[in-house]
Amino acid sequence: MSADPQMRSEFTPENARKRPKSSVPMAELHCHLEGTVSPVMAMRIGARHGLDLGDVIDGDGHYRWANFAEFLDIYDRMAAAICTPEDYYDITYDYYSKVAQSGVIYGESFVSPDHAIQHGISYQTLIDSVSRAMQQAERDFGIVCRIILIAVRHYGVEKAEKLADLAHKHPHPFVTGFGMGGDEQFLWPHDFAKAYAMASDAGLGLTAHAGEVCGPESIRDTLESLKVSRIGHGVRAIEDDALMAELRDREIILEVCPGSNIALGVHPDLAAHPLRALVDNGLRVTLSSDDPPFFHTHMQQEYEQAQSVHGFKDADLLRFTRTAIEGAFCDADTKEKLLSRLNA
Ligand code: ADE
Ligand code: ZN
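In our numbering, the protein residues as written are 2 to 345.
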C-alpha cells in the first residue's frame, strides 16, 4: 500500500478521491454513522436548517474537543444538526461512496435511532433512509453495507431496551447488529443484559464498546453478561493475560481503531499502541476508523499505518479484512460472496 503523508491530515471527499485506491481490499466493522460527517459536511447540513455550528467547529475547520467527555458532547451537538431523512441519506451515501472508492468492500455502520428520534424521525424512516443510501452506494461502487443499531450508554437502560424492542417489532434485512457506545464509565455492561437478550432474540449480532476508556473488568463483564461475539475496541485487554487467553479461546473479534485510541488518549502514540501485541497473542483483530473526521483518520490510513508503524505485510492486512468479514453480522451468503472477492 502507498502512504502519502500529505493526505493524512483530513478526511474529505476530495482527499479520498485523490488518493490511489488501496491495493488491499478493506472491511470496516466499527464506524459511527454520525461520526463520519466531516466538518465541511456538517456545516453544509447545518446551513440547510439555519444552524450555526461555530461552537462545534474551530477556526481551522476541525471539530472542537479536547478530551473524551468533550468529544461525546461535541458529537451529540453535531449529530443534532442531522435532522431530516434526507440528511441521513446524504451522510450515508457520502461516506460509503467515498470509502468504496478508497478500497473498502464491506462496511457496518452504528446508527443511533435515539439521535434521530429527537427530531421526530421514526425508527422506520431512519432505517429506510440509511438502507436506501447503502443500496445506492452498492449499486454505484460495489460496496456492501449493513446497519448496527447502537444504544447510547449514558442515555440509560430503558432507552436501550426500547431500541431492542423496536428491532424486534420492525425487522429489516439491513439491520443486522446491536451495539452500545457512549460513556463507558456510566453504569455497567450487565445493566444492559436484558436489552442485549432482546436484541439477540431479534436475531441481531452483538457487539459492545468495552476496554476503551475502562480497563479489563469492562471487557470481562461484557463477555459474561452481554454474550457478544465482538468487542468494540477491547484494546485494554492487553493489560490482562488471562483475559487475552479467554478472548482468544472464545474467538472474540476485536474492532480495533488505533487512530481513535491515539486521538482520545487511550495510548500516547501509534508506536505504543498494542495492535501488534494483540495480534501476536493470537487474538482476532480487525481495523476500523470509528469516527474518522473527529480523529483525523480514515480506513486507508489505518491500514497504511498498520504497515508503516507496526510492520504488517499486505498478507497481514488481508487477514484483518478476512477476519472482519468472518465476524460480520451480514448473512452467510453475503459473507461467502465477499470472501470470494478477497480470493479473486
Ligand atoms: N460514540 C461515538 N464514538 C464513540 C467512541 N469512540 N466511544 C464511545 N462512544 C462513541
Ligand atoms: Zn466507537
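All residues carry an ideal CB built from backbone N, CA and C; glycine is no exception.
Going by C-alpha to C-alpha distance, which of Glu247, Leu167, Ser201 sits closest to glycine 283?
Within the sequence shown, the letter at position 282 stands for residue 283. Ranking Glu247, Leu167, Ser201 by Cα distance to glycine 283 puts Glu247 first.
Less than 6 angstroms between C-beta atoms, sequence neighbours within five positions excluded: which residues of the same chain meet that for glycine 47?
Here residue 47 refers to the residue found at position 46 of the sequence shown. Leu54, Ala82, listed in sequence order.
Just reading off the beta strand (DSSP E) that isoleucine 263 is part of, what are its end residues?
Taking the first residue of the sequence shown as 1, we reach residue 263 at position 262. Not the beta strand (DSSP E): isoleucine 263 falls in the alpha helix (DSSP H), residues 259–264.
Note the first and the last residue of the continuous beta strand (DSSP E) segment covering glycine 47.
Working through the sequence shown from its first residue, we reach residue 47 at position 46. From DSSP, glycine 47 is part of no beta strand (DSSP E) but of the alpha helix (DSSP H) over 40–49.
Do the stretch 118–132 and the stretch 60–73 make contact, defined as three or more Cβ pairs closer than 8 angstroms?
These segments do not touch.
Since methionine 135 and tyrosine 89 should fall inside the 8 angstroms C-beta cutoff, what is the C-beta to C-beta distance between them, to a whole number of angstroms?
The sequence position of residue 135 within the sequence shown is 134, counting from 1. The sequence position of residue 89 within the sequence shown is 88, counting from 1. Actually they are not in contact, since the Cβ atoms of methionine 135 and tyrosine 89 sit about 11 angstroms apart, beyond 8 angstroms.
What's the call for serine 225, buried or exposed, on a 16-neighbour Cβ count within 10 Å?
As a working mapping, residue 225 is identified with position 224 in the sequence shown. It should be pointed out that residue 225 corresponds to glutamate in this sequence rather than to serine. Burial call: exposed.
So which of Lys195, Val176, Gly157, Ala196 has the shortest CA-CA distance to aspartate 184?
As a position in the sequence shown, residue 184 is number 183, starting the count at 1. Nearest of Lys195, Val176, Gly157, Ala196 to aspartate 184, Cα basis: Gly157.
Taking the alpha-carbon positions, what's the aspartate 332 to valine 145 distance?
Counting from one through the sequence shown, the residue named residue 332 turns up at place 331. Counting from one through the sequence shown, the residue named residue 145 turns up at place 144. Near 12 angstroms, if we compare the C-alpha coordinates of valine 145 and aspartate 332.
Around the ligand ADE, what residues have a beta-carbon under 6 angstroms from a heavy atom of it, in chain order?
Checking every Cβ against the heavy atoms of the ligand ADE under 6 angstroms gives His33, Gly36, Tyr76, Gly182, Gly183, His210, Glu213, Ser261, Asp291, Asp292.
What is the DSSP secondary structure of valine 158, reduced to helix, strand or coil?
To locate residue 158, count along the sequence shown from 1; it is residue 157. DSSP places valine 158 in helix when its eight states are reduced to three.
What do you reckon, are the CB atoms on leucine 318 and isoleucine 326 nearer than 7 angstroms?
For this step, residue 318 is matched to residue 317 along the sequence shown. For this step, residue 326 is matched to residue 325 along the sequence shown. Result no, Cβ atoms of leucine 318 and isoleucine 326 do not sit closer than 7 angstroms.
Residue ranges of each alpha helix (DSSP H) run of no fewer than 4 residues wholly in the stretch 251–304, ordered along the chain?
259–264, 276–281, all fully within the stretch 251–304.
Tell me the rounded alpha-carbon separation between leucine 279 and proline 26.
Residue numbering aside, residue 279 sits at position 278 when the sequence shown is read from its first letter. Residue numbering aside, residue 26 sits at position 25 when the sequence shown is read from its first letter. C-alpha separation (whole angstroms): 22 angstroms.
Among Lys228, Ile106, Arg221, which one has its Cα closest to the Cα of alanine 238?
Within the sequence shown, the letter at position 237 stands for residue 238. Taking only the C-alpha atoms, the option nearest alanine 238 is Arg221.
What three-state label does DSSP hand histidine 191 in the structure shown?
By one-based count along the sequence shown, residue 191 stands at place 190. Here histidine 191 sits in helix by DSSP.
Reducing DSSP to helix, strand and coil, say where phenylalanine 321 ends up.
One-based indexing of the sequence shown puts residue 321 at position 320. Three-state DSSP puts phenylalanine 321 in a helix.
Who does serine 110 pair with in a DSSP beta bridge?
Counting from one through the sequence shown, the residue named residue 110 turns up at place 109. DSSP output for serine 110 lists Ile148 as bridge partner(s).
How many angstroms separate the CA atom of valine 38 from the CA atom of isoleucine 106?
Here the question's residue 38 lines up with position 37 in the sequence shown. Here the question's residue 106 lines up with position 105 in the sequence shown. Approximately 20 angstroms between the Cα atoms of the pair.
Please state whether DSSP places isoleucine 58 in a helix, a strand or coil.
Numbered from its first residue, the sequence shown carries residue 58 at position 57. DSSP places isoleucine 58 in strand when its eight states are reduced to three.
Reducing DSSP to helix, strand and coil, say where proline 172 ends up.
Counted from its first residue, the sequence shown places residue 172 at position 171. Residue state, collapsed to three classes: coil.
Can you tell me the Cα-Cα spacing of isoleucine 58 and aspartate 242, whole angstroms?
Position 57 of the sequence shown, counted from the first residue, corresponds to residue 58. Position 241 of the sequence shown, counted from the first residue, corresponds to residue 242. About 41 angstroms.
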